[in-house]
Amino acid sequence: MAGQHLTSSLLAVAFLTSFGSSMLYGYNLAVVNSPAVYIKEFYNKTVLSRNGTWLTEETLTLMYSLTVSVFAIGGLLGSLIVGMLVTRFGRKGTVVNSTVLVFIAGSLMGFSRLWVFPETVIIGRFITGIHSGISLSVVPMYLGEIAPKNLRGFLGLVPSIFIGTGVFAAQVLGLHELLGKVFSDKEPITLTIVVVPTFIQLMLLPWFPESPRYLLIEKHNVHATITALKWYRNNCDIQAEIEEMQEEQHSLSSVETLSVWRLLHDDTVRWQVLTVAVINIGMQLSGIDAIWFYTNSIFENAGIPGPEIEYTTAGTGVIEIIAGLVGCFTIEKLGRRPLMIGGFAVMGICSAGITLSLILQVHLLFMRYISVCCVVGIIAGFCIGPAGVPFLITAELFKQSHRPAAYIIGGSLNWLSNFTVGFVFPFLQRSAGSYCYLVFATICLSVAVYVYIVLPETKNKTFMEISRMFSKKGSVLETQALVHVDQLKLKKMNGYGGLDNTAMEPETSSPALISNRPFPGNTNRIG
Numbered sequence: 468m469a470g471q472h473l474t475s476s477l478l479a480v481a482f483l484t485s486f487g488s489s490m491l492y493g494y495n496l497a498v499v500n501s502p503a504v505y506i507k508e509f510y511n512k513t514v515l516s517r518n519g520t521w522l523t524e525e526t527l528t529l530m531y532s533l534t535v536s537v538f539a540i541g542g543l544l545g546s547l548i549v550g551m552l553v554t555r556f557g558r559k560g561t562v563v564n565s566t567v568l569v570f571i572a573g574s575l576m577g578f579s580r581l582w583v584f585p586e587t588v589i590i591g592r593f594i595t596g597i598h599s600g601i602s603l604s605v606v607p608m609y610l611g612e613i614a615p616k617n618l619r620g621f622l623g624l625v626p627s628i629f630i631g632t633g634v635f636a637a638q639v640l641g642l643h644e645l646l647g648k649v650f651s652d653k654e655p656i657t658l659t660i661v662v663v664p665t666f667i668q669l670m671l672l673p674w675f676p677e678s679p680r681y682l683l684i685e686k687h688n689v690h691a692t693i694t695a696l697k698w699y700r701n702n703c704d705i706q707a708e709i710e711e712m713q714e715e716q717h718s719l720s721s722v723e724t725l726s727v728w729r730l731l732h733d734d735t736v737r738w739q740v741l742t743v744a745v746i747n748i749g750m751q752l753s754g755i756d757a758i759w760f761y762t763n764s765i766f767e768n769a770g771i772p773g774p775e776i777e778y779t780t781a782g783t784g785v786i787e788i789i790a791g792l793v794g795c796f797t798i799e800k801l802g803r804r805p806l807m808i809g810g811f812a813v814m815g816i817c818s819a820g821i822t823l824s825l826i827l828q829v830h831l832l833f834m835r836y837i838s839v840c841c842v843v844g845i846i847a848g849f850c851i852g853p854a855g856v857p858f859l860i861t862a863e864l865f866k867q868s869h870r871p872a873a874y875i876i877g878g879s880l881n882w883l884s885n886f887t888v889g890f891v892f893p894f895l896q897r898s899a900g901s902y903c904y905l906v907f908a909t910i911c912l913s914v915a916v917y918v919y920i921v922l923p924e925t926k927n928k929t930f931m932e933i934s935r936m937f938s939k940k941g942s943v944l945e946t947q948a949l950v951h952v953d954q955l956k957l958k959k960m961n962g963y964g965g966l967d968n969t970a971m972e973p974e975t976s977s978p979a980l981i982s983n984r985p986f987p988g989n990t991n992r993i994g
């Protein structure tokens, strides 16, 4: 591979941050799926002991939906404060300091049965959501800034592999033979085990350096930057990287870290902001969280026998990890665009396939297995690209001063969409039945088309090169729109049947149109 080589330090940081932070996001997405029956039973018995009456089916569904979706509310809060945290504590410092949230949440959920207080489960889920909201932004930001340009895609997708690993771990631990019934018999170990990887991360990650880009561009610490680069690089010349950082620093010399409000009003990056918004909303509204949250219900509706459902669900976790590995090891060869376009397209087709198979399985028995294949296709399509590339793209499309605000926008939209799907899907499934997956299919195919038209390839480019490339693309799109408008104006006729002379003059000085503007002294006019 041309360029820098993968060093043990880069690999260790990618592993520690992903293992102690990103994996927890995937685990908490799926951990409430398998023990759902026991969680509801715990809620019901507690309310019965307090009030002497059972919960109604609607109230129980609402409480369980809140338990699922409150994780996303916490994630939204975490994504909103991540910009402030990374500016104050740095990238690595934010990862390390946020671990305290996991220990607090683990304690609350761990003692929920002892205290006979189900509200602590919901509060604990909310706090783990805050941690995941922070981690989902800061981990790819940290890895993207310490990675050389030829390895940025590879390292940027490592967190998505661990997200899939977290989902798989939750599915395996939810098996009846292992810990699935622990929630009702003992302490809810499945909800508190998250403290183990976080503890390992807390013990080891502080020994590694901070992001060199953060140290130089934001802290102006040249010595620490050189030390960090030497730590992350394999005894090679780091002068070129320092010069590239200094070029970016010089371009930002009069610009502080932007707020979200200023970023939204910055015309120079509006296409980047729109792209981040589209791919992050599309990532969650693709329906993947509905698959993760309610896999068992989907398989039950597909006609899979009850005893086989949990094993089928756990089997999909293997697909997630394999697809994540495929994406991770091919992104630097194929690029970001193919993984995004292909992933969303596969998800859209498979979502439509679920609707078709669920409708036809009444008449054709084998269609129930087609629906399972479509679920696997959605998961594989998601994990190969849309699971991790949006977070990587968010880091690549913006300069240092814009990046924290961009992650706030992308992260908040991501979590808002996550909450919407998690809370609404059970009711949508109840009212629309099999046709609810057509909504997800439409969204997936629309995002694939948008990425194909708008997003340029960022593979093996520096942050400054990507910024200039996206600016050129935005100018081309705007120029094409202006040309179209002026062509329409040329068709306007004045009251005497001739061309309207005022319509002949463009309203812009765009280079692409400047040749049409009459210059002083030019006697060649259209008459």
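Numbering (this note's numbering), first residue to last: 468 to 994.
Beta carbons are placed, not taken as given, at the ideal position from N, Cα and C, and that holds for glycine.
Here the structure is a predicted model, which is why all the values come from computation and not from measurement.
Taking tryptophan 738 as part of the alpha helix (DSSP H), name the residues at either end of that continuous run. Start and end: 737-752.
Cβ-Cβ distance between alanine 862 and methionine 608 below 9 Å: yes
Going straight from the alpha carbon of serine 485 to that of serine 476, what length do you get? 14 Å
How far does the alpha helix (DSSP H) with isoleucine 788 in it extend, from its first residue to its last? Boundaries of the alpha helix (DSSP H) harbouring isoleucine 788: 773-801, taken from the DSSP string.
State the start and end residues of the unbroken alpha helix (DSSP H) segment that holds threonine 909. 903-921
Whether or not the region 514-532 and the region 689-703 are in contact is what I'm after, with contact meaning three or more pairs of Cβ atoms, one per stretch, closer than 8 Å; do they touch? no
Leaving aside the five residues before and after valine 727 along the sequence, list all residues of the same chain whose C-beta is less than 8 Å from its C-beta, in chain order. Gly550, Ala872, Ile875, Ile876
Evaluate proline 853 with the Cβ neighbour count: other Cβ atoms within 10 Å of its Cβ, from every protein chain shown; 16 or more gives buried, anything less gives exposed. Burial check for proline 853: the Cβ neighbour count within 10 Å reaches 16 or more, so the residue is buried.
In chain order, each alpha helix (DSSP H) run of at least 4 residues that lies wholly inside the region 550-634: 558-564, 566-577, 579-582, 586-613
For a test of the three-state rule: what should DSSP assign to glutamate 711, helix, strand or coil? helix
First and last residue of the alpha helix (DSSP H) that includes arginine 700? Counted as a single uninterrupted DSSP element, the stretch harbouring arginine 700 is not any alpha helix (DSSP H), since DSSP gives it neither H nor E.
When the Cα of alanine 497 is compared with those of Ile789, Val639, Thr724, Ile821, which residue comes out closest? Val639
Outcome for leucine 741 when other beta-carbon atoms lying within 10 angstroms are tallied against a minimum of 16: exposed
Helix, strand or coil: which one does DSSP assign to serine 678? In the structure shown, serine 678 falls within a coil segment according to DSSP collapsed to helix, strand and coil.
Using 10 angstroms around the beta-carbon of threonine 595, count the other beta-carbons present and answer buried if the total reaches 16, otherwise exposed. buried
Would you tell me roughly how many angstroms separate the C-alpha atoms of arginine 804 and proline 626, rounded to the nearest one? Distance between the alpha carbons of arginine 804 and proline 626: 19 Å.
Considering only their Cβ atoms, is the gap separating asparagine 617 from glutamine 706 smaller than 9 Å? No, the Cβ-Cβ distance between glutamine 706 and asparagine 617 is not below 9 Å.
Here's a check: name, in chain order, each residue in its chain whose Cβ is nearer than 7 Å to the Cβ of asparagine 747, leaving out the five neighbours to either side. So the list reads Pro857, Gly877, Leu880, Asn881, once near-sequence residues are dropped.
Could you compute how far the alpha carbon of phenylalanine 570 sits from the alpha carbon of phenylalanine 593? 13 Å
Residues of its chain near threonine 724, where Cβ-Cβ distance is below 7 Å and the 5 sequence neighbours each way are ignored: Thr554, Ser868, Pro871
Using the beta-carbon count (16 or more within 10 Å), is arginine 897 buried or exposed? exposed
So the candidates are Gly493, Ile589, Thr822, Leu547; which of them puts its Cα closest to the Cα of leucine 533? Ile589
Close-in-space but distant-in-sequence residues of the same chain around phenylalanine 482 (CB under 7 Å, 5 per side omitted): none
Here's a check: name, in chain order, each residue in its chain whose Cβ is nearer than 8 Å to the Cβ of threonine 929, leaving out the five neighbours to either side. Lys616, Glu711
With H, G and I counted as helix, E and B as strand and the rest as coil, what does DSSP make of valine 480? Annotated three-state conformation of valine 480 is helix, per DSSP.
Excluding sequence positions up to five away, which residues of its chain have a Cβ less than 7 Å from the Cβ of leucine 883? Leu543
Answer yes or no: do leucine 552 and valine 605 have a C-beta to C-beta separation smaller than 9 Å? yes
Quick one: is the Cβ of arginine 804 within less than 8 Å of any heavy atom of the ligand SAH? The ligand SAH is not part of this structure, which contains no ligands at all.
Looking at the unbroken alpha helix (DSSP H) that takes in phenylalanine 486, where does it start and where does it end? Element bounds for phenylalanine 486: n/a, residue is neither H nor E.
Give the DSSP-derived three-state secondary structure of glutamine 706 in the structure shown. DSSP places glutamine 706 in the helix class (H, G or I) of the three-state scheme.
Skipping 5 residues on each side, what residues in its chain have a beta carbon closer than 8 Å to that of tryptophan 521? Only Asn511, Val514, Leu515 meet the Cβ criterion.
Exposed unless 16 or more other CB atoms sit within 10 angstroms - verdict on aspartate 734: It is exposed - the Cβ of aspartate 734 has fewer than 16 other Cβ atoms within 10 Å.
For alanine 539, which residues in the same chain have their Cβ closer than 7 Å to its Cβ, ignoring the five residues on either side in sequence? Gly596, Trp882, Asn885, Phe886, Gly889
How would you write the range of the alpha helix (DSSP H) that proline 857 sits in, first residue to last? 856-863
Where does histidine 690 fall in DSSP's three states? helix
I'd like the list of long-range same chain contacts for leucine 575, defined as Cβ closer than 6 Å, with 5 residues on each side in sequence excluded. The residues are Thr587, Ile590, Gly591.
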